[in-house]
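Only one structure is covered here, and it is reproduced in the block below.
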Amino acid sequence: MSLRALGQHQEAIENYGQAIQYNPTNLEVYINKGVALYKLGQYQRSNKAL
């Protein structure tokens with residue numbers, strides 16, 4: 001189960017950031033990061049992540 005699914009959105013965001021550094025072409029990571037940011041109410045950052 002993923003951190004985001006467990007409700008650990010902040011930790012998931014940090015991990016997504018690391019994943020983006022390693023593979024910046026993986027679009028799924030950007031989407032997941034955007035969703036996690038949205039769940040935390042960080043709507044502008046969520047839009048930028050996408």
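End of the sequence shown = 50 in full-length UniProt numbering, gap-free, step of one.
Idealized CB from N, CA, C, for every residue including glycine.
How close, in whole Å, do the beta carbons of residue i and residue j come, if the pair is a contact with beta carbons under 8 angstroms?
i     : j     : result
Ala19 : Ala36 : So it is not a contact: roughly 12 angstroms between Cβ atoms.
Leu50 : Tyr30 : 6 angstroms
Asn39 : His9  : It is Lys, not Asn, that sits at residue 39 in the sequence shown. Going by Cβ atoms, the distance from Lys39 to His9 rounds to 5 angstroms, so yes, they are a contact pair.
Return the first residue and the last residue of the alpha helix (DSSP H) that residue i is part of.
i     : result
Gln44 : 43 to 49
Asn26 : Per DSSP, Asn26 belongs to no alpha helix (DSSP H) and is neither H nor E.
Short of 8 angstroms in beta carbon distance, which residues of its chain neighbour residue i, apart from the five on each side in sequence? Order them along the chain.
i    : result
Met1 : Here Met1 scores only 45 on pLDDT, less than 50, and its place in the model is too uncertain to base an answer on.
By Cβ distance below 7 angstroms, which residues in the same chain neighbour residue i in space, the five residues on each side in sequence not counted?
i     : result
Arg45 : Leu37
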